[in-house]
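Note that the protein sequences, when read in sequence, are chains A and B.
Each step along the first sequence adds one to the number in the numbering used here, with nothing skipped, and position 192 is 192.
Every number in the numbering used here is 1000 more than the matching position in the second sequence, counting from 1.
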Amino acid sequence: MTSSLLLSVTTFIYGLAAVLYIAGWVFRRPLAARLGTWSVWAAVAGNAAGFILRWIESYRMGIGHAPLSNLYESLVFFAWTIGVSHLVIEHRYRNRVIGAFTLPLAFLAMAYASLSPYVSDRIQPLIPALKSNWLIAHVITCFIGYAAFAVGFGLSIMYLLSKIAAAADGRSGQRRAADVLVLQFFLVGLGLILFRFILGWPFGAGLAGAVAMAAVVDLAAWLLGRQQRVRDELFTRFPEPSLMDLLTHQTVMFGFVFLSAGIITGAIWANSAWGRYWGWDPKETWSLITWFVYATLLHARLMRGWQGRRIAYLSILGFIAVLFTYFGVNLLPGLHSYGAMAQQLR
Amino acid sequence: MAGGASLVIVKRLFDFFASVRLTVGVLLSLAVTSIIGTVIPQNEAPANYVRAFGLQGYRLLEALDLVDMYHAWWFQLLLLLLVLNIVVCSVERLRATWPIIFARKPRYRLERFEKSAIQAELSADVPPEALRQAVQSVLGRRFKRLATLPAADGREAVCAERWRLSRLGVYVVHLSVVLLVAGAMIGGLFGFEGYVNIPEGDATDTVVLRDGSGTRRLPFAIRCNDFSLSFYPNGAPKEYRSSLSLLRGGRVIHEKEIIVNDPLRFEGINIFQSSYGKLPPPLPAEGAGPPERLAVHVLSNHSGRTYHQEGAIGDQLDLPEGLGTLRLDAYRPAAEFMGQPLGPAVEATLVHPGQEPIKLTLPLRFAAFDKMRRGRVAIAVASAVPMPERYYTGLQVTRDPGVRVVYVAFAVMIIGCLVTFFMSHQQLCVVVRPRRRGSAVAVYGVTNRNKMAMHRQVELLARRIVAAAGQTARA
Ligand code: HEM
Chain A
1 MTSSLLLSVT
11 TFIYGLAAVL
21 YIAGWVFRRP
31 LAARLGTWSV
41 WAAVAGNAAG
51 FILRWIESYR
61 MGIGHAPLSN
71 LYESLVFFAW
81 TIGVSHLVIE
91 HRYRNRVIGA
101 FTLPLAFLAM
111 AYASLSPYVS
121 DRIQPLIPAL
131 KSNWLIAHVI
141 TCFIGYAAFA
151 VGFGLSIMYL
161 LSKIAAAADG
171 RSGQRRAADV
181 LVLQFFLVGL
191 GLILFRFILG
201 WPFGAGLAGA
211 VAMAAVVDLA
221 AWLLGRQQRV
231 RDELFTRFPE
241 PSLMDLLTHQ
251 TVMFGFVFLS
261 AGIITGAIWA
271 NSAWGRYWGW
281 DPKETWSLIT
291 WFVYATLLHA
301 RLMRGWQGRR
311 IAYLSILGFI
321 AVLFTYFGVN
331 LLPGLHSYGA
341 MAQQLR
Chain B
1001 MAGGASLVIV
1011 KRLFDFFASV
1021 RLTVGVLLSL
1031 AVTSIIGTVI
1041 PQNEAPANYV
1051 RAFGLQGYRL
1061 LEALDLVDMY
1071 HAWWFQLLLL
1081 LLVLNIVVCS
1091 VERLRATWPI
1101 IFARKPRYRL
1111 ERFEKSAIQA
1121 ELSADVPPEA
1131 LRQAVQSVLG
1141 RRFKRLATLP
1151 AADGREAVCA
1161 ERWRLSRLGV
1171 YVVHLSVVLL
1181 VAGAMIGGLF
1191 GFEGYVNIPE
1201 GDATDTVVLR
1211 DGSGTRRLPF
1221 AIRCNDFSLS
1231 FYPNGAPKEY
1241 RSSLSLLRGG
1251 RVIHEKEIIV
1261 NDPLRFEGIN
1271 IFQSSYGKLP
1281 PPLPAEGAGP
1291 PERLAVHVLS
1301 NHSGRTYHQE
1311 GAIGDQLDLP
1321 EGLGTLRLDA
1331 YRPAAEFMGQ
1341 PLGPAVEATL
1351 VHPGQEPIKL
1361 TLPLRFAAFD
1371 KMRRGRVAIA
1381 VASAVPMPER
1391 YYTGLQVTRD
1401 PGVRVVYVAF
1411 AVMIIGCLVT
1421 FFMSHQQLCV
1431 VVRPRRRGSA
1441 VAVYGVTNRN
1451 KMAMHRQVEL
1461 LARRIVAAAG
1471 QTARA
């Protein structure tokens, strides 16, 4: 069995886990959620096995290196860190609903790696710039940080959902509208990632698909939420809002340490490869933007009134910055016209 | 009065710079403005901007400093504001927490503990004395110093604390940010960043500065002894390697082979492998004698084919396709064409069958020259002895005395973050109360952060104490 095949299978186990968690939550079937947990264990194990197998394969090809050197490999590692972080939180706080919001992210990462026509799963030899232990430290720390932010993001979405539900019959219409709007934006964004980048549809069709997906989710949410009883049951299994808020903060703190370490190891690597620790190139700058957003979150929490919803907004904003650092930077315009003779060694 | 008013202003200013509100504003502004520089490419040649944005657009970008925005005054001002904010805020807060952090003896106030939300109470079937002993042994194992406070009704409370110094963590993180900015400033003021291309075998002691401010002499010359590159079977580059010698007064003072990710560092100057290229084939110098053998390339305009032949000065060559003959008459080290210097050239006579001879000048440096004649053939000549391929190595040469400060800041930041996020100043207080049957132990906790973890700890501690008391009572 090759690592690519094993990892493709793992993709579907992650998907299965996400579906089981969501089913367990929406239809209130604890058994489904429990099966979800088992699936995550299986997926995490398969993911790790695939990672190690790929490492071994690279040595068999005579170009041995840790499988952390391109988009495919980093996505595989990203999914694994999300899975593991989820298991830790689920174990610690004994709550399985969270899985309905975090596992889809692990699935999307793996699906992007395995299914996207834009991501090659070939094992490639290391080009000179990538031959550095700092690079390995850089990738590992960054992705642990991203995984923590991903879990924090899932919690923030849950927090907003529970607030929307709680406000459904209350008076805070404006806030509710804001929350709904934020969620719409995100649904469409997620749909765009799915259709445009993972499935490779053209932009227009991808956008239409994303809007349609958001509409379907909204319709389902509206149908489910029409009855007070169903609504209550959907949210009784959520952790307390104050706990979700606290957990968001904790995952962000955890992620912040690792993001800082990631930026730092990246800077040290850049200094040994190019002779400068910081060059304001778009990728570096976006990681700094992400860092600023989460630093804002940490400090905003110290101000009066900045708890709960606003922290959830910032955590969502931060995760969007993470996604942009990771995927979006390649879409930025460039005026680059490299000299014909001198070849940049990147 | 005036003094009072200015005091008020100073106080207001101070409060402004000490506020977390400003921090949030500045951090968000930094995040948002940083985006601009990733959307508009930075430090490109003006022509590229004009092509992309038009002349008016370029003027506007230029006026707003958006073509080099990370060095623009307004971006630097934002950074300065952040640093000022950090310093003022930290000083003010540290003034308040200093007495707490560096008190000779920890101060415990029972009321504060009793009001705390973090508490756990358990009753046990043992006499109060057994519980009291258990408290001493369980806490004694975990904390360095236990303090005893008088509590109500003549009872006493046992108090302990740990990780008081972790309160400093936040200031350590903030210090690291200041250090980082300081290190970057030192680098900007006292360092330089340049590049130089050195052909194999050549040496130079001058580099071109990246910021466009000219060149810079190094305290030594760099000689590229050799450049080599290797590829993987799939064609991807595997390694770029330059063998360098540093020379001073004609003597080699240092030698190293550098590859990407393994630079040469010497006397504070760092030399990195950053690019490479192939040199154009070397040409005969002006004034040199004729090449012994000449390669003659004949392009037939009729068939479009190119033929390669060889000859020496004085030879007469038969052209292919029955096109006639070419005689290589003479070598001119410095030929001219309509007053323009052409460099070394060969004079030749071309005779197509049944036509007048044509006199040609064939410069060695400009292979396409004879195409301009638009004749039946176009002829180019070059030295026939193949010259070995020569590379140049592209080196990034930097000096940055701020790097050390920046690296220290990196370490300080990570340590500070770990302490701040994962340690907390925890204070505990345990009170034992007699009950009608047996006794009860109440554990109170106070902490500056991560209250949930402390709650769990307090509950665990209460259980441990009761268990330990039970064991001693049974024994
Ligand atoms: C990029 C710059 C900054 C970084 C990386 C940074 C980092 C941090 C971190 C990691 C914390 C701990 C957060 C927590 O407890 O959850 C913190 C707390 C804090 N920061 Fe900053 N900070 C920065 C700028 C500032 C500035 C400019 C101020 C000025 C007002 C400030 C004021 C504070 C305060 C008051 C606290 C809380 C201290 C406490 O808990 O006692 N920070 N900062």
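Backbone N, C-alpha and C define an ideal beta-carbon position, used for all residues, glycine too.
Since we're looking at a predicted model, the values are computed, not measured.
The C-beta distance from B/C1224 to B/I1253 rounds to 16 Å, too long to fall under 8 Å, and the pair is not in contact. For B/N1234, the three-state secondary structure derived from DSSP is coil. Nearest Cα to A/W41 within the set A/I52, A/G83, A/L7: A/G83. Here B/H1174 has I1086, S1090 as same chain residues with Cβ atoms under 6 Å from its own Cβ, once five neighbours each way along the sequence are excluded. A residue is called buried when at least 16 other Cβ atoms come within 10 angstroms of its Cβ; A/F185 does not meet this threshold and is exposed.
Distance between B/Q1427 and A/Q228, taken at the CA atoms: about 45 Å.
Assignment of beta-bridge partners to B/D1318 by DSSP yields B/T1325. Within the region 230-295 of chain A, the complete alpha helix (DSSP H) segments of 4 residues or longer fall at 241-273, listed in chain order. In this structure, the beta-carbon distance from B/G1438 to B/I1118 does not fall below 8 Å. Taking 8 Å as the cut-off, the beta carbon of A/Y112 is found closer than this to the beta carbon of A/L75. Unbroken alpha helix (DSSP H) stretches of 4 residues or longer found wholly inside the region 1179-1215 of chain B: none. When DSSP states are grouped into helix, strand and coil, B/E1255 belongs to the strand group.
Residues of the region 102-135 of chain A whose Cβ lies closer than 8 Å to any Cβ of chain B, in chain order: Q124, P125, I127, P128, A129, K131, S132. Scanning chain A for C-beta atoms nearer than 7 Å to the C-beta of B/R1021 yields M303, reported in chain order. Under the 10 Å beta carbon count, B/M1372 is surrounded by fewer than 16 other beta carbons and is classified as exposed. Shown here, B/N1270 sits in a strand according to DSSP, grouped into three states.
If the five residues before and after B/Y1331 are omitted, its C-beta is found closer than 7 Å to the C-beta atoms of P1290, I1313, V1346, all from its own chain and listed in chain order. In this structure, DSSP gives B/N1043 a state outside helix and strand, which the three-state scheme calls coil. In the DSSP annotation of this structure, the continuous segment of the beta strand (DSSP E) that includes B/L1342 starts and ends at 1340-1351.
The beta carbon of B/A1221 lies closer than 8 Å to those of A1203, T1204, D1205, L1246, L1247, R1248 in the same chain, with the five residues before and after it left out. In summary, the residues of the region 1024-1035 of chain B whose CB is separated from some CB of chain A by less than 8 Å are V1024, L1027, L1028, L1030, A1031, S1034, I1035, in the order they occur in the chain.
From the beta-carbon of A/R92, no residue of chain B is found nearer than 7 Å; the closest lies around 10 Å away.
For B/D1262, the pairing in a beta bridge is given by DSSP as B/I1259. Residues of the region 1219-1241 of chain B with a C-beta less than 8 Å from any C-beta of chain A: Y1232, N1234, A1236, P1237, K1238, E1239, Y1240, listed in chain order.
The closest CA to that of B/Q1457, considering only B/S1424, B/G1470, B/P1150, is found on B/S1424. Assigned with DSSP and collapsed to three states, A/N47 falls in helix.
In the three-state DSSP reduction, A/K163 falls in the helix class (H, G or I). No Cβ of chain A is located within less than 8 Å of the beta carbon of B/G1470. Between the C-alpha atoms of B/F1272 and B/F1369 there is a straight-line separation of about 40 Å. Interface annotation, B/V1260: in contact with chain A, CB-CB separation under 8 Å. In terms of beta-carbon proximity, A/Y159 stays away from the interface with chain B, with every pair separated by 8 Å or more. In the structure shown, B/R1390 falls within a coil segment according to DSSP collapsed to helix, strand and coil. Apart from the 5 residues on each side of it in sequence, B/L1179 sits with its Cβ closer than 7 Å to the Cβ of V1405, V1408, A1409, V1412 in its chain, given in chain order. Among the residues facing chain A, B/Q1396 is included, as its CB has a counterpart in that chain under 8 Å away. Contacts with chain A at 8 Å (Cβ-Cβ) do not include B/Y1391. For B/G1037, the chain A residues whose Cβ falls inside 9 Å of its Cβ are W280, P282, T285, in order along the chain.
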